Amino acid sequence: MSFKEILSQLNIPAQCRKYGLSLWQCPQFLFLVMGLVITVSTLTAYAIGARYVEDPRMVALIVLLTAAILFIVAVIITNSFERLAEANRMKSEFVSIVSHQLRSPLSNLKWATELLMSGKLGKTEEKQTEYFKILKENSDRMGELIKDLLIVSRIETAKLPIKKVEFSLEDLVKELIKEFRPFAQASNVEIEFQAKRNLPKIFADPSQIRLVIENLSDNAIRYINGKGVVEIKVERKEKNLYLEIRDTGVGIPEEEQKYIFQKFFRSENVLKYQTQGSGLGLYISRAIIEKSGGKIGFKSEENKGSTFWFTLPLK
Amino acid sequence: MKKILFIEDESALQKTFGEILKQEGYEMISALDGETGLRLAKSEKPDLILLDLILPKMHGFDVLKKIKEDKEIKHIPIIVLTNLEDIKDVDRAIGLGATTYLVKAQYSLEEIVEKIKNALRG
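Top to bottom, those sequences are chains A and D.
One point on numbering: in my numbering, the residue at position 156 of the first sequence is 156, and numbering is uninterrupted.
One point on numbering: in my numbering, the residue at position 119 of the second sequence is 1119, and numbering is uninterrupted.
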C-alpha cells in the first residue's frame, strides 16, 4: 500500500461516499467512533481504578482488560459493518452490470421488431401487426425497467450525477404536460396547470427533475380509475419553489403509506388496476429531490386521490 | 450510392441495419470488431461511420482516435452508437471528434436512420 493509498483511507467522508452510506452507517467512521469510545472508557477505567483500587497492578490490569474487550468488540462491529457495506456495493454493481448487459439484446429485439412493423420487409397482416405491437410494447417496458434499475444502482453507489444549472421549472412542466396530453386523453384524464406569475428560476439538474415530474405525473394519470383530473401547481414558498401534483385517483391505503417511497413497493390497490410499473419511480424521485437539496412528500386518501409535492431551493 | 461502415460486434444489429439502410438506398459495409473496422475505414473510405464502443480486438475509442489521426479519412463523419451513457464517455467521444453520440436504448430505428441522413447531408 503506497503512502497515498494510506492517506486516502484516512479521508473518511470520501470512503463513506464510496459505499453510498451516511456517516453513521459507514465502517470507517464507526471505527473512528469506537476508537474514541475505547480511549474514553480506558481513561475512565483508569480514573476509577486509581481512586478506588489500592493495588496499582490491579488498576493496570482493569484498564488493560477494559481496553482489550472494547477493542475486540469494536473490531467485530466495524468488520461486520464493512462486510455489509461491501455486499451492498457489490449488489448495486451487479445490478448495474446485468442491466447494461441486458441492453444489447434488448436493442436488437426492439429494432428488429420495429423493422418488421415498418412493413419494409413485406406487408404484414392485421393479426401479425397486433402481435408485433405486443412485442414492441413489452420490449419498451423492459427498456424502462432497465433504465430505472440503472438509476437505482447509481443512487446506491452514490454515482448519480447531478449537474446544477439555472432553469425555469414552469417551462419544464409546460413541456412535459404537452408530452403527457395524448396519454392523459387516452386515459380520460384532464390535466390542469396553474403557476403563479413571475416565478424565479431554480438551480438543479433539469434532466433529473424532468424524470421526477414524469414519474409523478405518470402515476397520477395511471392510477385514476375511469374519468378524472390531474392538477399541477407551481408556486414560491419562501426560499423554495413548490410543485404539487394532485389527482383524483385510487389513493394509497393508510396502512401502506409508510412504504410508498421504498424500492419495488407497489400498493395492493393499484395492483388491481395496473399490473405495469416497477415500483422504482418514487424511490428514484425521492433520491433525486433530496440530492438536489429539496424535500418530497404526499397526502393521500383511498378512493379520493393523492397529492404529491416537492420543493427545490432557489439558489 | 453512399457508403456507410457499421462497426458493431452484434451480428443481429448488423443484419437489421443492413436491411433498413439498403431500403433507404445506402450501401452498408460491416465490421464485427475494431481492427477490421479501422482497416475498412482506410481501404473503403466510406461516407459515414457508425461506431459501437465496446468492441473486440480494438476499443471503439481507439478506433475513433486512429481514424481522426489519419489525414486521408479524418473528415468522415462518425456517429457513435452505444449503450454506454456515462457523461464522461460522451465527452470523450465528442472530444476525439465524433459527430454525434447516440445511446441505443434512447432511440427508435426510425430516429437513428434520420440521424444518419442528417449526418450524410453534412
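Built from N, CA and C at the ideal position, the CB exists for glycine as well.
Since this is a predicted model, take the numbers as computed values, not measurements.
Problem - Euclidean distance between Cα positions of residue 218 of chain A and residue 276 of chain A - result: For the purposes of this step, residue 218 of chain A is identified with residue 218 of the first sequence, where counting begins at 1. For the purposes of this step, residue 276 of chain A is identified with residue 276 of the first sequence, where counting begins at 1. If you take the alpha carbons of residue 218 of chain A and residue 276 of chain A, they lie about 12 Å apart.
Handout entry: Element boundaries [beta strand (DSSP E), containing residue 297 of chain A]
Key = On the first sequence, position 297 is the one that residue 297 of chain A refers to. Looking at the DSSP string, the run of the beta strand (DSSP E) that includes residue 297 of chain A is 295-301.
Handout entry: Neighbour list for residue 1023 of chain D in chain A, Cβ cutoff strictly below 8 Å
Key = For the purposes of this step, residue 1023 of chain D is identified with residue 23 of the second sequence, where counting begins at 1. Within 8 Å Cβ-Cβ: 120.
Exercise for the section: Please determine, among A:110, A:215, A:63, A:293, the residue with the shortest C-alpha to C-alpha distance to residue 282 of chain A. Expected result: Along the first sequence, read from residue 1 onward, the residue named residue 282 of chain A stands at position 282. Looking at the Cα atoms, A:215 is the closest of the given residues.
Problem - Test: residue 103 of chain A CB closer than 8 Å to a CB of chain D - result: The sequence position of residue 103 of chain A within the first sequence is 103, counting from 1. Yes, contact with chain D.
Exercise for the section: Compare the C-alpha of residue 28 of chain A against each of A:80, A:147, A:39, A:47 and name the closest. Expected result: Numbered from 1 along the first sequence, position 28 holds the residue referred to as residue 28 of chain A. With distances taken between Cα atoms, residue 28 of chain A lies closest to A:80.
Handout entry: Cα-Cα separation, residue 303 of chain A to residue 1108 of chain D
Key = The sequence position of residue 303 of chain A within the first sequence is 303, counting from 1. The sequence position of residue 1108 of chain D within the second sequence is 108, counting from 1. Those two C-alpha atoms are separated by around 38 Å.
Practice task
Can you grab the Cα-Cα spacing for the pair residue 257 of chain A / residue 148 of chain A, in whole Å?
Solution key: In the first sequence, the residue the question calls residue 257 of chain A occupies position 257. In the first sequence, the residue the question calls residue 148 of chain A occupies position 148. Roughly 22 Å separates the two Cα atoms.
Exercise for the section: Please list, in chain order, all residues of the same chain as residue 142 of chain A whose beta carbon is under 7 Å from its beta carbon, the five residues on each side excluded. Expected result: If you number the first sequence from 1, residue 142 of chain A lands on position 142. If we look at residue 142 of chain A and ignore the five residues flanking it on each side, its Cβ neighbours are 106.
Practice task
Using DSSP bridges, identify the partner residues of residue 90 of chain A.
Solution key: Working through the first sequence from its first residue, we reach residue 90 of chain A at position 90. Beta-bridge pairing links residue 90 of chain A to no other residue.
Handout entry: Straight-line gap, residue 111 of chain A to residue 1112 of chain D (C-alpha atoms, nearest Å)
Key = Start at 1 with the first residue of the first sequence, and residue 111 of chain A comes out as number 111. Start at 1 with the first residue of the second sequence, and residue 1112 of chain D comes out as number 112. In a straight line, the C-alpha of residue 111 of chain A is about 10 Å away from that of residue 1112 of chain D.
Exercise for the section: Can you give me the Cβ contacts of residue 101 of chain A inside the same chain, cut-off strictly under 7 Å, excluding the 5 residues immediately before and after it? Expected result: Your numbering for residue 101 of chain A matches position 101 in the first sequence. If we look at residue 101 of chain A and ignore the five residues flanking it on each side, it has no Cβ neighbours.
Practice task
Give the interface partners of residue 1109 of chain D over in chain A, defined as CB-CB distance under 7 Å, in chain order.
Solution key: Translated into the one-based positions of the second sequence, residue 1109 of chain D becomes position 109. Neighbours of residue 1109 of chain D on chain A, chain order: 111, 114, 115.
Problem - C-beta contact flag for residue 1009 of chain D and residue 1032 of chain D at 8 Å - result: On the second sequence, residue 1009 of chain D is found 9 positions in, with the first residue counted as 1. On the second sequence, residue 1032 of chain D is found 32 positions in, with the first residue counted as 1. Their beta carbons are under 8 Å apart, which means residue 1009 of chain D touches residue 1032 of chain D by this criterion.
Problem - Sequence-distant residues of the same chain with beta carbon closer than 7 Å to residue 1073 of chain D, five excluded per side - result: Here residue 1073 of chain D refers to the residue found at position 73 of the second sequence. The answer, listed in chain order, is 1041, 1042, 1045, 1067.
Practice task
With DSSP as the reference, label residue 28 of chain A as helix, strand or coil.
Solution key: Taking the first residue of the first sequence as position 1, residue 28 of chain A is located at position 28. Correct three-state label for residue 28 of chain A: helix.
Practice task
Look at the alpha carbon of residue 1057 of chain D and the alpha carbon of residue 6 of chain A, and state the distance between them as a whole number of angstroms.
Solution key: By 1-based counting over the second sequence, the position of residue 1057 of chain D is 57. By 1-based counting over the first sequence, the position of residue 6 of chain A is 6. One C-alpha to the other measures close to 36 Å.
Exercise for the section: Kindly indicate if chain A contains any beta-carbon less than 8 Å away from that of residue 1087 of chain D. Expected result: Reading the second sequence from its first residue, position 87 is the one you call residue 1087 of chain D. Residue 1087 of chain D counts as touching chain A.
Exercise for the section: Using a Cβ-Cβ cut-off of 8 Å, state whether residue 1100 of chain D counts as contacting chain A. Expected result: Counting from one through the second sequence, the residue named residue 1100 of chain D turns up at place 100. Residue 1100 of chain D does not count as touching chain A.
Practice task
Given a cut-off of 8 Å, decide if residue 1063 of chain D and residue 1082 of chain D are closer than it, judged by their beta-carbon atoms.
Solution key: In the second sequence, residue 1082 of chain D corresponds to position 82, counting from 1. In the second sequence, residue 1063 of chain D corresponds to position 63, counting from 1. Taking 8 Å as the Cβ cut-off, residue 1082 of chain D and residue 1063 of chain D do not qualify as a contacting pair.
Problem - Contact under 8 Å by Cβ, residue 38 of chain A with residue 74 of chain A - result: By 1-based counting over the first sequence, the position of residue 38 of chain A is 38. By 1-based counting over the first sequence, the position of residue 74 of chain A is 74. Yes, they are a contact pair.
Handout entry: Option in A:205, A:279, A:254 with minimal Cα separation from residue 265 of chain A
Key = Position 265 of the first sequence, counted from the first residue, corresponds to residue 265 of chain A. The candidate whose alpha carbon is nearest that of residue 265 of chain A is A:279.
Problem - Residues in the segment 295-309 of chain A having any Cβ partner in chain D nearer than 8 Å - result: none
Practice task
Name the two residues that bound the continuous beta strand (DSSP E) containing residue 305 of chain A.
Solution key: Residue 305 of chain A sits at position 305 when you count from the first residue of the first sequence. Here the beta strand (DSSP E) through residue 305 of chain A covers 305-313.
Practice task
Classify residue 156 of chain A as buried or exposed, calling it buried when 16 or more other Cβ atoms lie within 10 Å of its own Cβ.
Solution key: As a working mapping, residue 156 of chain A is identified with position 156 in the first sequence. Counting Cβ neighbours within 10 Å, residue 156 of chain A comes out buried, since at least 16 surround it.
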